[in-house]
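Protein chains in written order, with our numbering: chain A, -14 to 313; chain B, 12 to 95; chain C, 6 to 373.
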């Protein structure tokens, strides 16, 4: 590869290879090498950053502003930190409508209040028409550490819990782009995950928000870090009707679709029931479900395995190439 | 890619050639130019935007009955183990 | 319809398959001739369950993207890089097939030209109507499932007098390569799983020679896990009874006569043609091309393309053998190393229905 391709940004294998082979040899330090969603800093602080380039900027269930707040906030939460402060940097394309910008700002205000974070600093740059696409946002976040996630302490029997149905965000974006000629009532799941914070005290040993690359990609990364395999039960994975419909009509695999308000939790076997009942009491956790477990018998260490509805077993790979609908 | 899911015709224009099918509440535009004579409420199989076959409900019931018989005769337990 | 997908059915059907397989000479090797069957088998983890039940599944030439020789892909690249103001519309995975000239999606189009991904053959036609100042070429590959809709678009273009639309067609028919595979005798097979939706269009008659001339079993099957297993049961029953047939285990979708309207469209607009398949070579009357009346809409004639040259695969790629069922993808030295879905070296690693892609993505787990 001698040029950057779109695949590099898809959150899959290509991106991980890029970080491992290109970024870390130049910039690697012990903290960065952990490749966490947020880094824990001295003084009990956690720090994270993310850029948002979604197209279109407005979509059912949110916009680039809600995404820019929630995405960064959620990275802090799943890293064991209470979100406190955000920075906010805009890169605007010359000619962007003022009304759009104001609408995004109002979304940012609403989302940051909901997530309990303060916008503490910011920046604005404008690029010539065509050198950017309407609006790009970068947010960095600082949070107070309340827990240290520890994937490596996972042991057979530990349960994986999804906090809700998967894939609505990706699908809402695809539909908002008018692709496939599909009509469905689907809204992005974009939301802050603050309601997960108390669970760090009641049995959660690891969390990840299910973003780019989807469930299969983030759990293959978890599987690679632990001494056992992970087995997912296909029939237990919560999916909404529109996502099941898109899977059936387009052949899209929901295990690789992104969310912006869902997470997966790893909990001790004995705590799973309790965690589940806490989650289900929250409006964002009503469809929470145990979707699998760390397994000491099936497969080899480091493998992520799906027990299919049909009863077969297969390995799940991280996202490889970009999602194109299948057609022959 | 052949999608094996039967979908239901929920919209049909006057020519009978263009319309929409529904699956789990999601609608998708479909051409019926290769399947003349279909009507609203019919179940069809769609390939790359074109309906290519009508679902025969009698045959579908027979396949399910056959499967039920095979399952019953196999001695497989009614509920196989899911999550504990 | 849960019975078609749940594990109760799977295990009951596997038990039946295991019992039937015991009574026939092993190994029992069933070739599926449809990329979606390949997907069903792997995506649901059936490959190893079937192996334990005594059945070896072999993938055949069931992926249209895969069997289309590189000459077509190179011609498409030539068009979009060499001609100004041309939109080359095609299905997504077609843009990723690697050739000696690169792949369509990395090709740098001539000024005013572009590559456009479409999901249905209707889109390029609509595009041509909208973009009257540009030429639109639809690069469509497909079997009998997609062919009628592509043919329909050529007819519609001619009827509406649309002059800026043409089809670079890579249209393949399923029965001739099955004959080629049986005649070559390269590979010992026990039966075919016929593609459900191709058969929904062409009906059962085109396979009759397989049972009659070759005494070879086969069954039309659907795409849910239980459908595939029912098809395999039918093949086993034919072997045991010594009565090879063209069985239809997908009666809810497939009529014995197929889809007469779709067949009529194909007959009206297309002629059979001796065609070259990747891996299988030249097979008499195995492809279809637009009739002479449609010469203005045939990209090969319209732009004077030469599909006889540049048909070589990239060095080391064994897609050809994979497509003939001669080699498992894992026997290829490139598989999973130099050749992955991110950087494919051959079409079988590109297409969602390609045997290499499916095997890479849906790897088996050893049962423990």
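Just so you know, even glycine gets a beta-carbon here, dropped at the ideal spot from N, CA and C. Owing to the predicted nature of the structure, the values given are computational and were not obtained by experimental measurement.
Listed along the chain, the chain B residues whose CB falls inside 7 Å of the CB of residue 206 of chain C are 63.
Nearest CB-CB separation between residue 256 of chain C and chain B: below the 8 Å threshold. Annotated three-state conformation of residue 45 of chain C is helix, per DSSP. For residue -11 of chain A, the three-state secondary structure derived from DSSP is coil. Secondary structure within the stretch 56 to 138 of chain C: the beta strand (DSSP E) runs of 3 or more consecutive residues, fully enclosed, are 60 to 64, 91 to 96 and 119 to 123 (chain order). The C-beta of residue 259 of chain C comes no closer than 8 Å to any C-beta of chain A. Neighbours of residue 38 of chain B in chain A, taken as residues whose beta carbon is under 8 Å from its own, are 167, 168 and 169 in chain order.
Counting only residues of its own chain and dropping the five nearest sequence neighbours on each side, residue 287 of chain C has a CB closer than 8 Å to the CB of 279, 280 and 281.
The stretch 223 to 237 of chain A makes contact with the stretch 34 to 49 of chain B, as at least three CB pairs between them are under 8 Å.
Taking a contact to require three or more Cβ pairs closer than 8 Å, the stretch 66 to 74 of chain C and the stretch 105 to 121 of chain C do not qualify as touching. Around the beta-carbon of residue 266 of chain A, fewer than 16 other beta-carbon atoms lie within 10 Å, marking it exposed.
Chain A has no Cβ within less than 8 Å of the Cβ of residue 56 of chain B.
Judged by pairs of C-beta atoms under 8 Å, the stretch 74 to 93 of chain C does not touch the stretch 179 to 191 of chain C, as fewer than three such pairs exist. Annotation: the continuous alpha helix (DSSP H) that includes residue 206 of chain A extends over 199 to 210. Residue contact with chain C for residue 305 of chain A: present (Cβ-Cβ distance below 8 Å to some residue of chain C). At least 8 Å separates the CB of residue 129 of chain C from every CB of chain B. Beta-bridge annotation (DSSP): residue 214 of chain C is not paired with any residue. Closest in C-alpha terms to residue 34 of chain C, from the list C/52, C/20 and C/41, comes C/52. Interface flag for residue 268 of chain A against chain B is unset, since no Cβ pair is found closer than 8 Å. DSSP, reduced to helix, strand and coil, places residue 37 of chain A within a strand of the structure shown. For residue 368 of chain C, the residues of chain A that pass the 7 Å Cβ criterion are 299 and 300, in the order they occur in the chain.
Taken residue by residue, none of the stretch 193 to 214 of chain A has a beta-carbon sitting less than 8 Å from a beta-carbon on chain C. Given a length threshold of 4 residues, each whole run of the alpha helix (DSSP H) inside the stretch 203 to 291 of chain C is given here in chain order: 213 to 219, 230 to 246 and 265 to 274. Out of C/312, C/355 and C/346, the CA that lies nearest to the CA of residue 83 of chain C is found in C/312.
For residue 18 of chain B, no Cβ of chain C is located within less than 8 Å of the residue's own Cβ. In summary, residue 55 of chain A is buried, with 16 or more beta-carbon neighbours lying within 10 Å of its beta-carbon over all protein chains present.
At a cut-off of 8 Å, the C-beta of residue 45 of chain B has no neighbouring C-beta in chain A.
For residue 85 of chain B, the nearest CB of chain C lies under 8 Å from its own CB, placing it at the interface with that chain.
In the structure shown, residue 331 of chain C falls within a coil segment according to DSSP collapsed to helix, strand and coil. Listed along chain B, no residue sits closer than 9 Å to residue 65 of chain C by beta-carbon distance, the nearest being about 15 Å off.
Taken through DSSP and simplified to helix, strand or coil, residue 361 of chain C comes out as helix. At least one CB of chain A lies nearer than 8 Å to the CB of residue 11 of chain C.
The DSSP-derived three-state label of residue 190 of chain A is strand. The contact set of residue 33 of chain B on chain C, defined by CB atoms closer than 9 Å, is empty, because the minimum CB distance reaches about 16 Å. DSSP places residue 9 of chain C in the helix class (H, G or I) of the three-state scheme. Residue 41 of chain B: member of the beta strand (DSSP E) spanning 37 to 42, first to last residue.
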